[in-house]
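Before any comments, here is the structure.
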Amino acid sequence: MLIGLCGGICAGKASIASYLIEAHQFTRLYLARTAAIPAVEKSASNVPVPVPAPSPNDAQFTFPDVDALLEFVTLRWQESWVTTDILDEHVVDVLLRRPFFLLISVDAPVTVRWQRFKNRCTAHKLTPPSLEAFVLRNDAHLFAPGTGLGALLQRAQLKLLNSTPSVSSLYNALQSLHLTDEARLRPSWDQYFMQLADLAAHRSNCMKRRVGCVVVREKRVISTGYNGTPRGMTNCNEGGCPRCNSASRAGADLSTCLCLHAEENALLEAGRDRIGETSILYCNTCPCLTCSVKITQVGISEVVYNQGYLVDKQTAAILAANGVRLRQFSPPREGLVDLSMSHAQEEQSETSDQEEEATKIGDIREILNNENFV
8 MLIGLCGGIC AGKASIASYL IEAHQFTRLY LARTAAIPAV EKSASNVPVP VPAPSPNDAQ
68 FTFPDVDALL EFVTLRWQES WVTTDILDEH VVDVLLRRPF FLLISVDAPV TVRWQRFKNR
128 CTAHKLTPPS LEAFVLRNDA HLFAPGTGLG ALLQRAQLKL LNSTPSVSSL YNALQSLHLT
188 DEARLRPSWD QYFMQLADLA AHRSNCMKRR VGCVVVREKR VISTGYNGTP RGMTNCNEGG
248 CPRCNSASRA GADLSTCLCL HAEENALLEA GRDRIGETSI LYCNTCPCLT CSVKITQVGI
308 SEVVYNQGYL VDKQTAAILA ANGVRLRQFS PPREGLVDLS MSHAQEEQSE TSDQEEEATK
368 IGDIREILNN ENFV
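Going by this note's numbering, the sequence shown opens with residue 8, and the numbers climb by one from there.
What follows is the structure in C-alpha cells.
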C-alpha cells in the first residue's frame with residue numbers, strides 16, 4: 008500500500024504520516040523538490056520556514072521524480088509506504104496507475120493553519136506573516152490557475168478535516184478510521200455489492216426514500232432493483248403515488264402506497280428458479296416486514312443491509328424463523344471526515360464504556376456481599 012497525503016500548509020500531513028509510521032510501520036518516501044518554494048511557506052520577510060529534512064538514512068527513499076518512486080514501490084507493493092510530496096496533478100495521475108495507491112487529502116480552517124504556522128515560525132525565531140497575508144498566500148497556493156493544489160483535494164478518495172487541538176487527539180481520531188484497511192484499495196465482496204445497491208438506489212424515483220437492492224448468487228449479480236412506481240405508471244416523483252407525495256409519516260398508510268420496494272423489484276426480476284438456496288440479498292436499507300416475507304418465500308439464504316429501518320426487529324424475527332441470516336454491513340468511511348468529531352465520539356464512547364464497567368463492578372460487589380453467595 009502507498010498512501011499519498013496532499014493538502015495546504017500546516018494541515019497536518021506530516022503528523023498523519025508520522026502516525027502511519029509509528030502505529031502501522033509505514034516507511035516515508037520523498038520526492039526531490041524542483042519547483043520554487045511557495046510564498047505560503049515563508050515568513051513575513053520571505054525567508055522559507057525550515058521543515059524537517061530527510062535524514063541520511065532516508066537517502067535511499069528519496070527519488071528525483073514520481074516515475075522513479077512508482078517503479079520502486081511497484082516492486083515492493085505489499086509493503087507499507089507513505090509520502091506527503093503530492094505536489095501537482097501529474098504526480099497523482101502517475102500514482103493512480105497502480106491499484107495499491109490511496110490518495111488522502113488533509114485540510115483545516117485557515118485560522119487554525121495560520122496559528123500552527125505562527126508556532127512554526129516562532130520555533131525558528133522568524134516573524135510570521137499576518138493573517139491577511141497568510142490568507143492571500145494560501146489562496147494563491149491552493150487556487151492559482153493550473154498550479155493550485157485545490158483540485159488535488161477534490162480527487163482524494165478520503166478527505167480529512169483536521170482541526171484537532173493536539174497530536175495525541177489526532178492520533179486517537181485516526182485510529183478509529185482504519186486508514187490501512189485493504190478494502191480502501193480493493194473493496195471486499197460485501198462492500199462491492201453494497202456499493203452496487205447504493206448505485207441502484209440512485210435510480211429510485213420514490214419521494215419517500217431511495218432504496219437499492221442487489222441479489223447475488225456465488226458472487227455473481229442475478230438482478231438489481233430500486234423502489235418506485237410499477238412499469239407503465241407515472242413515476243412517484245412526478246405524482247404517480249399519492250401516498251408518497253402527501254407527506255405521510257413513515258410507516259403510515261402503507262396499504263395505499265403504489266410504489267414497489269427495491270427488494271420486490273429485484274426478486275421479480277430474478278424469479279425463484281434463478282435465485283436458488285445460496286443467494287444473498289444486499290440492500291442499502293433493512294427490508295420491511297412485507298419484503299422479508301417475500302424474501303423467505305423465494306429461498307434467499309442471507310440478507311445484508313447497511314442502514315436500519317423502523318421494523319428491523321420484526322424483520323429479523325421473520326427471517327430467523329425461516330433460517331435466513333440477517334446481518335448489517337457498513338463500508339469504510341469515505342468522503343469528508345471531521346477528525347475533531349471522530350475524536351469527540353471516541354471520547355464519549357470511552358466514557359460510556361467506563362460507566363458501564365463501573366456499573367458491572369457494582370453489580371459484582373453486590374453478588375459477593377450477598378450472604379447467600381458461596
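Cβ atoms here follow ideal geometry from the backbone N, Cα and C, with glycine treated the same way.
Next on the checklist: By the DSSP assignment, the alpha helix (DSSP H) with Glu309 in it spans what residues?
Outcome noted: That residue, Glu309, is in no alpha helix (DSSP H); its beta strand (DSSP E) goes Glu309 to Gln314.
Less than 9 Å between the C-beta atoms of Ala18 and Leu181, yes or no?
no
Exercise for review: With 9 Å as the threshold, decide whether the Cβ of Ala75 is near any Cβ in chain B.
Suggested key: This model lacks chain B altogether; it includes just one protein chain.
**Nonlocal neighbours in the same chain, by C-beta distance under 8 Å from Val300, ignoring five residues either side** = Ile325
To which residues of the same chain is Ser112 closer than 6 Å at the C-beta, ignoring the five residues directly before and after it? Cys13, Gly14, Leu160, Ala163 and Lys166
#### Entry: Assumed close pair Leu38, Val73 - CB separation to whole angstroms, cut-off 8 Å
6 Å
- Entirely within the region 55-114 and at least 4 residues each: give me those alpha helix (DSSP H) ranges in chain order. 73-81 and 96-102
* Asked: Looking at C-beta atoms only, is the number of pairs between the region 241-255 and the region 277-287 that lie closer than 8 Å three or more?
  -> no
- Query: When you compare each of Arg191, Asn53 and Thr91 to Tyr26 by their alpha carbons, which one comes out closest?
  - Reply: Thr91
DSSP bridge partner residues for Gly11 (one or two, in chain order): Thr90 and Leu110
Met144, enclosing beta strand (DSSP E) - first and last residue:
It should be pointed out that residue 144 corresponds to Arg in this sequence rather than to Met. Segment Leu138 to Phe150 is the alpha helix (DSSP H) holding Arg144; no beta strand (DSSP E) there.
Next item on the list: Could you check what DSSP says for Ser230 in three-state terms: helix, strand or coil?
Entry: strand
Three-state secondary structure (DSSP) at Cys251? helix
Worksheet item: Is Asn291 buried or exposed, if buried means 16 or more other CB atoms sit within 10 Å of its CB?
Response: buried
Review point. Taking just the CA atoms, how far does Ser52 sit from Pro339?
Key: 45 Å
Quick one: grab the DSSP three-state call for Asp188. coil
* Decide if the region 311-318 is in contact with the region 132-140; the criterion is three or more beta carbon pairs, one per stretch, under 8 Å apart. => no
Looking at C-beta atoms only, is the number of pairs between the region 42-61 and the region 183-199 that lie closer than 8 Å three or more? no
request  = Find the nearest neighbour of Glu86 within the set Thr187, Val54, Gly157 and Asp146, judged by alpha-carbon distance.
outcome  = Thr187
First and last residue of the uninterrupted beta strand (DSSP E) at Cys220
Gly219 to Arg224
| request: List the endpoints of the continuous beta strand (DSSP E) containing Arg334. | output: Arg332 to Gln335
Note to self: Can you check which of these residues, Val58, Arg105 and Asp197, is closest to Phe79 by C-alpha distance?
What the structure shows: Arg105
- Item | Beta-carbon proximity list for Leu275, same chain, < 7 Å, skipping 5 on both sides | none
| task | To the nearest angstrom, report how far apart Arg144 and Met201 are at their CA atoms. | result | 43 Å
I'd like to know whether the C-beta atoms of Ala273 and Gly232 end up nearer to each other than 9 Å.
yes
#### Entry: Proximal residues to Ala21 (C-beta, below 7 Å), its chain only, five neighbours per side dropped
Thr91
Assign Phe336 to buried or exposed, taking buried as 16 or more other Cβ atoms, counted over all protein chains shown, within 10 Å of its Cβ. exposed
Stretch-stretch touch, CB-based, cutoff 8 Å, three pairs: the region 204-214 with the region 224-242 = yes
Between the beta-carbon of Glu270 and the beta-carbon of Pro294, is there less than 9 Å? yes
(message) Excluding the 5 residues flanking Arg244 on each side, which residues of the same chain have their C-beta closer than 6 Å to its C-beta?
(response) Checking the sequence, you will find Asn at residue 244 rather than Arg. Around Asn244: Asn212 and Met214.
- [ ] Name the residue from Asn242, Ile229 and Val228 whose alpha carbon lies nearest to the alpha carbon of Leu267.
- [x] Asn242
When you compare only the Cα positions, how much space is there between His185 and Phe33?
14 Å
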